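Residue numbers (our numbering): 558 to 817. Glycine is no exception: its CB is placed at the ideal position from the N, C-alpha and C atoms. Here the structure is a predicted model, which means the values were calculated and not measured.
Now the structure itself:
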């Protein structure tokens with residue numbers, strides 16, 4: 558960040574604050590540390606994330622952050638936590654705005670127009686997850702990598718509360734424990750998988766106006782990849798909220814007979 562002044566550089570009286578928990582913008586908190594880390598990653602990507610960089614953004618030394626995130630892995634888990642906290646806030650705000658979910662969630666392929674409460678809520682969670690993920694695409698890879706590295710019981714509470722919320726809705730749908738666990742896996746796989754596909758890199762040359770050269774189809778061997786070359790332009794299009802809703806509707810129909 559900006560210069561901290563000679564006193565801070567020399568570790569004098571002013572510099573003593575650098576290892577405390579008060580930065581340039583006031584006292585630190587876990588929420589502020591995670592919010593700052595999220596802003597940094599949104600702006601510069603995961604490769605820019607370090608305790609030193611987050612500390613610099615807050616105007617403190619890296620060691621001041623260790624009471625809030627004791628390691629780089631803890632900071633990464635904190636980013637996942639921040640996404641799920643934002644997801645819950647998004648759901649709460651959407652539920653109270655104008656007496657119901659906001660347009661981005663409520664109108665996806667008419668998925669929320671009819672059906673029992675549990676089904677409506679599962680669609681709402683899926684659409685809200687999609688919206689939050691698209692707002693923080695640089696953080697989305699952590700939804701896969703950190704879940705692979707962190708055991709269930711050690712995941713942030715905000716993540717576990719999301720799991721609990723989905724399982725409660727599946728229970729309301731009348732599924733027993735075995736079927737609910739299968740549906741939970743399918744729901745999670747579909748939502749996260751759909752998001753990963755939506756955010757995957759497809760464009761080879763953004764400056765190209767010709768679709769084929771924009772996608773770099775000339776780099777794909779014609780003989781070996783005829784179908785991929787033919788389908789690539791369609792694959793490059795986003796499915797949007799409607800595609801997410803359509804797939805989820807089909808998935809829920811698979812687990813709940815005569816679901817609305």
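- Buried is the label assigned to residue 612, since at least 16 other Cβ atoms lie within 10 Å of its Cβ.
- Straight across, the Cα-Cα distance linking residue 729 with residue 675 is about 6 Å.
- Taking the Cα positions, residue 785 is about 47 Å away from residue 625.
- In this structure the region 689 to 709 lies against the region 639 to 646, because at least three pairs of beta carbons, one per stretch, are closer than 8 Å.
- Unbroken alpha helix (DSSP H) runs of no fewer than 4 residues, entirely contained in the region 702 to 759, are found at 714 to 729 and 734 to 756, following chain order.
- Non-local C-beta neighbours of residue 790 in its own chain, meaning closer than 6 Å and more than five positions away in sequence, comprise 768, ordered along the chain.
- Here the alpha carbon of residue 651 sits roughly 27 Å from the alpha carbon of residue 812.
- Ranked by Cα distance from residue 594, the options 584, 620, 616 and 635 are led by 635.
- Here the alpha carbons of residue 606 and residue 809 stand approximately 38 Å from one another.
- Under the three-state reduction of DSSP output, residue 624 falls in the coil class, being neither helix nor strand.
- For residue 801 against residue 683, the beta-carbon gap comes to about 6 Å, under 8 Å, which counts as contact.
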